[in-house]
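Residue numbers (the working numbering): 278 to 639. The beta-carbon is built from N, C-alpha and C at its ideal position, and this holds for glycine as well. Values in this document were obtained by computation on a predicted structure and should not be read as measured data. Here's the structure we're looking at; comments come further down.
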Amino acid sequence: MTKRAFNFNAGPAALPLEVLQKAQEEFVDFEGAGMSIMEMSHRSSIFEKVNNESQALLTELFQIPNNYKVLFLQGGASTQFAMIPMNLLTPGKVGAYVMTGSWADKALKEAKLIGETAIAGSSEADKFNRIPSLSDIQIPDNAAYLHFTSNETIEGTQYKEFPNAGDVTLISDMSSDILSRPVDISKFGLIYAGAQKNLGPSGVTIVIAREDLVSESPKTIPTMLRYDTHVKNNSLYNTPPSFAIYLVGQMLQWVRSKGGVAAVEQYNRDKTNLIYDLIDGSGGFYRGFADPSSRSTMNITFRIHSEELEKLFVKESEAQGFVGLKGHRSVGGLRASTYNAVPLESCKALAEFMADFQKRNG
Ligand code: PMP
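Below, the structure written as structure tokens:
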């Protein structure tokens, strides 16, 4: 039996053991080809099937309507911060951004390099410990799109309902909560996510976009940065991250075997409730960073009253097989990332460890 860590890494993050074992089985000889998936041409019929199957599985599980395209790109979600305004921020229009924390800020900063932007809402006054109330979001009349970050990985906040952008194209960075809950895709123009948290390994970025938005990019944009290049070539314009695309397919099959996205959503809730309940019941020993109305089911951020104790918490947790509980360097404190593939057993073990740590240090 392989000894697995209680992995709470923020990304790259835990993958299901079953997925790793299946990949291991197929690693040296993929479906009798006499080579691994990494060693074959991306133009081969075998890889083309893998590419199409990963797309089809995501379409099925996330219920993506048929007027949408699924793209597998490179450059991470960070490249999407620039590709979105390059492709969709037309002259005379503004890109509107909701400021919820570190990742929303990075998206806005890139857009500013490309064109005009506006802040449509912000929770900066509350140190980004919550999602702004939807009624406070103001979309300028000349907005090309409204961009929001559905889950702020560092602060541990998450939209429970999505903004209504009316006729304006709605765009979301779902890097840290894609496929963790059902989403009505038809409300969105474009959704993007790096795969390395909920969908597989790093190296591939998923873009789900309404066809009319991505079928004709402005002619001045370099080839690789144009959405239409990748749409026209089924994400095979150049050499794709073939192993990552294969592993995304395996991860999607695992989600299907668990009962699909709605079942995974319930599982995620059960996992995070264990930890949030413990925080709330700790009499103030542990303090959640996010306002309860905006708590993430993917990244649980919390503090202990002294930094010394936080350091001790990290040290002792590591000695007991927990990984990744130190908060992001920009906000400090502690963070447990509980993406789709993190098992309930890891969360149970963490809740027990937290209770015991409090008993010894409270
Ligand atoms: N957006 C969010 C919400 C993220 O959590 C991350 C990565 N942690 C990114 C964007 C950047 O993704 P990448 O590293 O794939 O560029």
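Any non-hydrogen atom of the ligand PMP within 6 Å of residue i CB
| i | result |
| --- | --- |
| D450 | yes |
| T578 | no |
| T430 | yes |
| G353 | yes |
| G480 | no |
| G604 | no |
| S573 | no |
| S453 | yes |
| G477 | no |
| G288 | yes |
| G471 | yes |
Backbone CA spacing between residue i and residue j [nearest angstrom]
| i | j | result |
| --- | --- | --- |
| F649 | E438 | Past the boundaries of the shown model lies residue 649; the chain is included only from 278 to 639, so the question cannot be answered. |
| K636 | K588 | 17 Å |
| G558 | Y616 | 23 Å |
| F304 | V525 | 15 Å |
| L294 | P417 | 47 Å |
| M360 | R503 | 7 Å |
| E629 | L551 | 10 Å |
| V642 | S479 | Past the boundaries of the shown model lies residue 642; the chain is included only from 278 to 639, so the question cannot be answered. |
| L390 | A470 | 21 Å |
| R519 | L366 | Before going further, note that residue 519 is Ser rather than Arg in the sequence given. Answer to the nearest angstrom: the Cα atoms are 31 Å apart. |
| V384 | V375 | Checking the displayed sequence, the identity of residue 384 turns out to be Ala instead of Val. Approximately 10 Å between the Cα atoms of the pair. |
| N406 | E429 | 10 Å |
| S318 | S452 | 29 Å |
| H582 | G639 | 10 Å |
| M363 | K625 | 45 Å |
| F562 | A486 | 44 Å |
| P499 | D505 | 11 Å |
| S330 | Y514 | In the sequence on display, residue 330 carries Glu and not Ser. When rounded, the distance between both Cα atoms is 18 Å. |
| D306 | I323 | 12 Å |
| G369 | I522 | 37 Å |
| N343 | K592 | 49 Å |
| F349 | D633 | 44 Å |
| R572 | M312 | 45 Å |
| N328 | H507 | 13 Å |
| R320 | L334 | 20 Å |
| I468 | F283 | 30 Å |
| G466 | D444 | 10 Å |
Residue interval of the beta strand (DSSP E) (run including residue i)
| i | result |
| --- | --- |
| N576 | N576 to I581 |
| M376 | V371 to M376 |
| I468 | L467 to G471 |
| I485 | T482 to R487 |
| T615 | Careful: T615 lies outside any beta strand (DSSP E) and carries neither H nor E. |
| I448 | T446 to D450 |
| F425 | A420 to T426 |
| R606 | Note, R606: premise wrong, no beta strand (DSSP E); not H, not E. |
| Y563 | Y563 to G565 |
Closer than 6 Å: residue i CB and nearest the ligand PLP heavy atom
| i | result |
| --- | --- |
| G378 | Among the ligands modelled here, namely the ligand PMP, the ligand PLP does not occur. |
Where the alpha helix (DSSP H) through residue i begins and ends
| i | result |
| --- | --- |
| L627 | L621 to N638 |
| S570 | Per DSSP, S570 belongs to no alpha helix (DSSP H) and is neither H nor E. |
| H507 | Y504 to K509 |
| L529 | S519 to S534 |
| K592 | E584 to A596 |
| Y514 | Neither: Y514 is in no alpha helix (DSSP H) and is coded neither H nor E. |
| L456 | Premise fails: L456 is in no alpha helix (DSSP H) and is neither H nor E. |
| I556 | V538 to D557 |
Within-7 Å CB hit, residue i to chain B
| i | result |
| --- | --- |
| A381 | In the structure shown, chain B cannot be found, because there is only a single protein chain. |
Can we say the segment 541-561 touches the segment 410-424, given the rule of at least three CB pairs closer than 8 Å? Contact between the segment 541-561 and the segment 410-424 is absent: fewer than three C-beta pairs spanning the two stretches fall below 8 Å.
Taking contact to mean 3 or more Cβ pairs, one atom from each stretch, closer than 8 Å, check whether the segment 591-601 and the segment 449-460 are in contact. no
Completely contained alpha helix (DSSP H) runs for the segment 351-405, where each covers 4 or more residues: Counting only runs that start and end inside the segment 351-405, the alpha helix (DSSP H) elements of at least 4 residues fall at 353-365 and 379-391.
Across the segment 355-372 and the segment 332-342, are there enough close Cβ pairs to call them in contact, namely three or more that are closer than 8 Å? no
Given 8 Å as the limit, is there contact between the segment 379-399 and the segment 527-540, that is, 3 or more CB pairs closer than that? The segment 379-399, when compared against the segment 527-540, does not touch it at the 8 Å Cβ threshold.
Kindly provide the ranges of any beta strand (DSSP E) runs that are 3 or more residues long and lie completely inside the segment 288-353, ordered along the chain. Segments of the beta strand (DSSP E) lying fully in the segment 288-353: 345-350.
Meets three-Cβ-pair contact criterion under 8 Å: the segment 599-613 and the segment 520-536: no
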